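To start, the structure itself, in structure tokens.
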Amino acid sequence: MPKRDLTRFVKWPHYIWLQRQRAILYKWLMVPPAINQLTQALDHQTATQLLKLAHKYRPETKQEKKQRLLARAEKKAAGKGDVPTKRPPVLQAGVNTVTTLVENKKAQLVVIAQDVDPIELVIFLPALCRKMGVPYCIIKAKARLGRLVHKKTCTSVAFTQVSSEDKGALNDRYDEIHRHWGGNVLGPKSVACITNLEKAV
Numbered sequence: 001m002p003k004r005d006l007t008r009f010v011k012w013p014h015y016i017w018l019q020r021q022r023a024i025l026y027k028w029l030m031v032p033p034a035i036n037q038l039t040q041a042l043d044h045q046t047a048t049q050l051l052k053l054a055h056k057y058r059p060e061t062k063q064e065k066k067q068r069l070l071a072r073a074e075k076k077a078a079g080k081g082d083v084p085t086k087r088p089p090v091l092q093a094g095v096n097t098v099t100t101l102v103e104n105k106k107a108q109l110v111v112i113a114q115d116v117d118p119i120e121l122v123i124f125l126p127a128l129c130r131k132m133g134v135p136y137c138i139i140k141a142k143a144r145l146g147r148l149v150h151k152k153t154c155t156s157v158a159f160t161q162v163s164s165e166d167k168g169a170l171n172d173r174y175d176e177i178h179r180h181w182g183g184n185v186l187g188p189k190s191v192a193c194i195t196n197l198e199k200a201v
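With the first letter of the sequence shown counted as 1, position 67 gets the number 67 in UniProt numbering; the numbers rise by one all the way through.
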């Protein structure tokens, strides 16, 4: 038998205990493709490029909106006429908003966070995107998406207007990602037992 791993007997905080249990379940059980595809996140370089692109489409902050409306009010008070400013294309955030955009085929690119809990919030999004022909990608941290839209975390964001070269670059991966099962890795005791049986034969 392998040497016993005593770290499992340490009294960890509750959130670490949950993380470890979830990791073991994902590793040892057979994970269906719908859940397993959320582990296929973008690599570091591609994710950095995507976030740089998304940074251009950040929605304005409350302060920026206040300054814009103040400048518009000052022009109106000076008698120069009220010219409404055209709204620039910005990221749309939140799972309900993104779902509506995908269903109406208005989203051009959907970015989904990998570490959403519970996973049921976003598990349907990749299948919906494929059905509607909308390219999507998965990124590792919901906090990184949250920073783009001035929040702590964000489950998903959608680009409503994006250039065709960005769409093509991130669309190549999803055909092979959504077919693979995950998990089903045997634990150390099971591996040792199988090895002993093979030696005995």
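Note that CB positions come from ideal geometry on N, CA and C, so glycine has one too.
If you're wondering where the values come from, they're calculated on a predicted model, not measured in any experiment.
Proximity of residue i and residue j at Cβ, strictly below 8 angstroms
i	j	result
valine 185	lysine 66	no
leucine 148	histidine 55	yes
threonine 48	alanine 113	no
valine 110	valine 116	no
cysteine 137	leucine 50	yes
Residue burial classification, residue i (beta-carbon count within 10 angstroms, cutoff 16)
i	result
proline 188	exposed
aspartate 175	Note that aspartate 175 scores a pLDDT of 46, beneath 50, so its modelled location is shaky and nothing firm can be said.
phenylalanine 159	buried
threonine 7	exposed
alanine 34	exposed
glutamine 19	exposed
glutamine 45	exposed
lysine 85	Strictly speaking, residue 85 in this sequence is threonine, with lysine absent from that position. It counts as exposed.
valine 98	buried
Strand pairing of residue i, partner residues [DSSP]
i	result
tyrosine 136	Val110
serine 156	Ile112
glutamine 92	Ala158
Assumed close pair residue i, residue j - CB separation to whole angstroms, cut-off 8 angstroms
i	j	result
valine 134	glutamine 92	In fact, because the Cβ distance is near 12 angstroms, the residues do not count as touching under 8 angstroms.
valine 102	leucine 128	6 angstroms
isoleucine 139	leucine 29	The pair is not a contact, with the Cβ atoms about 25 angstroms apart (cut-off 8 angstroms).
- Entirely enclosed alpha helix (DSSP H) segments - the segment 7-85, minimum 4 residues: If we require 4 residues or more, the alpha helix (DSSP H) runs fully inside the segment 7-85 come out as 14-28, 33-36, 44-56, 62-77.
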